[in-house]
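Colleague: Using the numbering used here, the first residue of the sequence shown is number 13, and each one after it goes up by one.
For glycine and all other residues, C-beta sits at the position ideal for the given N, C-alpha and C.
Please read all numbers here as calculations on a predicted model, not as lab measurements.
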Amino acid sequence: MSWNCAVNPNAKSGIKAVMTHRKKQAKKKVGRCVFCGVRGPITREHIPAKAFFPSPLPSNLITVPSCRKCNSEWQKDEDYFRLCLVAREDTKGNRSRDELFPTVKRSLTRVDARGFANKFLNSLAEVEEFTPAGIYVRSGVSVSFEGARLDRVAEKVIRGLFYLETGRRVPPDYRVAIVHQSRVRHLRPAFRTDLLGFVAMVLETKPREFGPAFKYWYLPSPNGWARSHWILEFYGSREFYCFTAPIISAPENAARLPT
Ligand SMILES: [Zn+2]
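Structural data, given as structure tokens:
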């Protein structure tokens, strides 16, 4: 007796494909996104973005769990952030900045970057700096940047680093406040005094360095695990003073700095 089986010649490869798909699904990690807090499939996001570093990347560069949406959400702001910092006079001489400069310059000539490049080039201005006594300091290029875009990138970095340092997300009733160095002199006097006092304290801690491109200082507050103070330095320039505090008392234009 013989059996006439209708054998699908593709069955074996079909089964193989299903198995591979299942294996891939099993490998897909599920977790909570550090940035938006949504639970689901997660990828790993570099903090700060890989694009801020010349090759080879620092061996201690960190990654945090991120959903796909958040993983791509900041890319344009990060390109802009890198461009602003790398184009600035005061970061010249930093090894990572100098190594990145040709890449950043090339990225401006890409077809899809032309509109962006024009907008950016229009924001550049030749400047000459003088001390109050009228002594010439230097000439160079200043950039009038879109502060909100830089702040968004800094906030992302803080959320990632907060997770690294505490093992937890910034709580939903807390906010990350960002003060760019250029805004310090515009703060209310009492707030500015508090901020500068904290900056001095934070600088007494040991920074964590990721090559010459990035460095941060972290000082947790004794008043609660989620309260913290931070300084972010990119390409040798201390760019941001940041803190996490309950939403109710966090705005940087408040009379006093939350502790
Ligand atoms: Zn997310």
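(1) Suppose only complete runs of 4+ residues qualify. What are the alpha helix (DSSP H) ranges in the region 41-125, listed by chain order?
(2) Just to confirm before moving on: does the CB-CB distance between residue 276 and residue 65 stay below 8 Å?
(3) Between the C-alpha atoms of residue 152 and residue 101, what's the straight-line distance to the nearest angstrom?
(4) Would you report the Cα separation of residue 69 and residue 243, rounded to the nearest angstrom?
(5) May I ask whether a heavy atom of ligand 1 can be found less than 7 Å away from the beta carbon of residue 78?
(6) Using only the alpha-carbon positions, how far apart do residue 170 and residue 254 sit?
(7) Taking residue 221 as part of the alpha helix (DSSP H), name the residues at either end of that continuous run.
(8) Could you work out which residue in 202, 209, 62, 57 is closest to residue 91 when comparing CA atoms only?
(9) Go ahead and label residue 143 buried or exposed: buried means 16 or more other beta carbons lie within 10 angstroms of its beta carbon, across all protein chains shown.
(10) Can the beta-carbon of residue 269 be found closer than 8 Å to that of residue 203?
(11) Between 218, 172, 93, which lies nearest to residue 74 when the distance is taken from Cα to Cα?
(12) Examine ligand 1 and report whether any of its heavy atoms sits within less than 7 Å of the Cβ of residue 168.
(13) With a CB to CB cut of under 7 Å and the five nearest residues on each side skipped, what residues in its chain are close to residue 207?
(14) Nearest by alpha-carbon distance to residue 232: which of 225, 226, 59, 216 is it?
(15) So, using beta-carbon positions, are residue 188 and residue 256 closer together than 8 Å?
(16) Check this for me: beta carbons of residue 177 and residue 230, under 8 Å apart or not?
(17) Taking the Cβ atom as the reference point for each residue, do residue 161 and residue 89 lie within a distance shorter than 8 Å?
Modeller: Walking through what the data contain:
(1) 80-85, 87-99, 107-119
(2) This structure does not reach residue 276, given that the chain is present from 13 up to 271, and the question cannot be answered.
(3) Here residue 152 scores only 48 on pLDDT, less than 50, and its place in the model should not be relied on; the value that follows carries that caveat. Residue 152 and residue 101: Cα-Cα distance of roughly 6 Å.
(4) Taking the straight line joining both Cα atoms gives about 22 Å.
(5) yes
(6) C-alpha separation (whole angstroms): 8 Å.
(7) It is not in any alpha helix (DSSP H) - residue 221 instead sits in the beta strand (DSSP E) that spans 220-222.
(8) 62
(9) No answer about residue 143 holds up, because its pLDDT of 42 lies below 50 and its placement is not dependable.
(10) yes
(11) 172
(12) no
(13) 191, 196, 199, 253, 269, listed in sequence order.
(14) Of the candidates 225, 226, 59, 216, the residue whose Cα lies closest to the Cα of residue 232 is 216.
(15) yes
(16) yes
(17) yes
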